[in-house]
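Residue numbers for the sequence shown follow our numbering, beginning at -5 and rising by one.
Working notes, beginning with the structure itself.
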Amino acid sequence: MSKPINVGIIGYGFMGRAHSNAYSKLTQFFDTEHVPVMKAACARNRDTITEFAGRWGWESVETDWRALIERPDIDAIDICVPNHLHRDIAVAAARAGKMVLCEKPLAMDASEGREMCEAVERAGVPNLVWFNYRRVPAIALAHQLVDEGRLGRVFHYRGLYLQDWTISEDLPQGGHTLWRLDVAEAGSGVTGDLLAHSIDTAMWLIGGVDSVTAVTETFIKERELQDEPGKVMPVGIDDACAFLVKFKNGAIGTFESTRYARGRKNFNTFEVNGAKAAMYFNLEEAHKLLYYDHADDGIIRGWHDVLVTDSDHPYMSHWWVPGCVIGYEHTFINALADFLTGLDTGVPSQPDFRCALETQLVCDAVLASARTGQWVRVGEA
Ligand SMILES: NC(=O)c1ccc[n+]([C@@H]2O[C@H](COP(=O)([O-])OP(=O)(O)OC[C@H]3O[C@@H](n4cnc5c(N)ncnc54)[C@H](O)[C@@H]3O)[C@@H](O)[C@H]2O)c1
């Protein structure tokens, strides 16, 4: 018999839409005992959230997230708002006994992240952070290949996350659509926004980070405020960040992220080099994993594309026939299915808050290293 989970979502932007799509599609593609019910959507403007709720199938609306959390008919709170709101909403939701699903990065910094972990753990409520790239079938396959020992000892990890949408100095900061450029709402720039994804993927694939040394740069030092035209303020975020990593298992890694890489849109890539094999992934061609196996016969040995669409590839038995690719939005449906399966089985899906705190700690160490110019050890979650 199905067990309904009444969800209340906060935020109707990019992630509000991606998550709403996941809730509405889940039962058509996955059979889980726990099933989401799209109970309420929340944002500050009643007209906008009413239009959004009607479009996506949310049963009711709220204009204050505190009122949403107080509702006895809500079982789970889904946080799809800018980063500076994650902590207060998650802590209040946990105290009210609700499950909490939170967008990444977990928090503004690790100290907020710790508070959030303590709140959900004290309340004993299921929790999840939406690091959805783990649910790209090709990345899940990469994880499986490492787990099966096919790469052998891993020596190198190379992560890039490049975009180019903030190059214009006329772009304002803050406000409804540009909160990512306002350090008070974002916490950091590319480090928390983009590298958090790269770090989560890397640690999931090859293990924890021991220490980092980083450089960050803010190329455009002042920008007008979107909400107060004419008022120019210093820019507090990192526009670009590059860092070196020593992993706990002895591997070393390099990571780079920027929003100033002209020509790059959502260029999220990694390469892993092991003693026996190597892998390369590029989100802009997300249906492929490039694989090199040193055990192949020498005369045909080389990089080859694995088209990750067969039913024995991760998640793909739930989707279409071999050769038919799935897209960005499906990663959220896969993530939701894993969360619900975790409720069914009692084995929580990852990353939960405690796991996402590890990524937050690496982000904090990266920013601390960029400030001091020193290697920084990553704290314990
Ligand atoms: N997993 C991913 O790949 C991914 C991608 C994009 C964004 N994110 C994360 O998702 C979160 C939201 O990002 P987004 O791109 O959807 O932002 P967005 O700007 O598109 O949407 C933010 C939403 O928050 C709402 N909001 C702001 N303050 C509010 C308040 N006080 N009460 C209620 N609603 C409020 C806004 O009205 C808007 O609907 C961020 O933490 C971001 O880092 C994750």
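All C-beta atoms, glycine included, are put in the ideal place defined by N, C-alpha and C.
Let me check you understand the geometry: is the CB of residue i closer than 7 Å to at least one non-hydrogen atom of ligand 1?
i           : result
residue 6   : yes
residue 153 : no
residue 280 : no
residue 9   : yes
residue 259 : no
residue 99  : yes
residue 37  : yes
residue 221 : no
residue 300 : no
residue 111 : no
residue 357 : no
residue 76  : yes
residue 353 : no
residue 79  : yes
residue 276 : no
residue 121 : no
residue 171 : yes
residue 126 : yes
residue 187 : yes
For residue i, which residues in the same chain have their Cβ closer than 8 Å to its Cβ, ignoring the five residues on either side in sequence?
i           : result
residue 254 : 158, 160, 161, 213, 233 and 234
residue 18  : 32, 50 and 51
residue 62  : 2, 4, 34, 36, 56, 68 and 71
residue 20  : 26, 29, 30, 327, 330, 331 and 334
Spatial neighbours of residue i within its chain, please: CB distance less than 7 Å, with the 5 preceding and 5 following residues excluded, ordered by chain position.
i           : result
residue 303 : 281, 310, 316, 317, 318 and 319
residue 345 : 123, 125 and 194
residue 260 : 157, 277 and 278
residue 53  : 32, 33 and 34
residue 323 : 12 and 15
residue 258 : 156, 157 and 158
residue 147 : 268 and 269
residue 117 : 88, 89 and 91
residue 59  : 4, 36 and 83
residue 106 : 81
Any heavy atom of ligand 2 closer than 7 Å to the beta-carbon of residue i?
i           : result
residue 366 : Within the structure as shown, ligand 2 is missing, the only ligands being ligand 1.
Apart from the five residues just before and just after residue i, which ones in its own chain have a Cβ nearer than 6 Å to its Cβ?
i           : result
residue 150 : 267
residue 336 : 342 and 343
residue 207 : 238, 363 and 369
residue 454 : Nothing can be reported for residue 454, as the shown portion of the chain is limited to -5 through 375.
residue 75  : 4 and 5
I'd like the ranges of any alpha helix (DSSP H) spanning at least 4 consecutive residues and lying wholly in the segment 133 to 205.
177 to 180 and 190 to 200
Three Cβ pairs or more, each shorter than 8 Å: is that satisfied between the segment 288 to 306 and the segment 182 to 195?
no
Any beta strand (DSSP E) of 3 or more consecutive residues that is wholly inside the segment 280 to 363:
282 to 287 and 298 to 301
Is it true that the segment 40 to 50 meets the segment 349 to 362, where meeting means three or more beta-carbon pairs spaced less than 8 Å apart?
no
Report the start-end ranges of each beta strand (DSSP E) in the segment 82 to 137 that is 3 residues or longer and not cut off at the edges.
93 to 96 and 121 to 123
Should the segment 80 to 88 be called in touch with the segment 164 to 177, which here means at least 3 C-beta pairs below 8 Å?
With a cut-off of 8 Å, the segment 164 to 177 and the segment 80 to 88 do not count as touching, because too few Cβ pairs lie within range.
What runs of the beta strand (DSSP E), each 3 residues or longer, lie entirely inside the segment 235 to 261?
Those beta strand (DSSP E) runs which fall completely within the segment 235 to 261 and span 3+ residues are 246 to 252.
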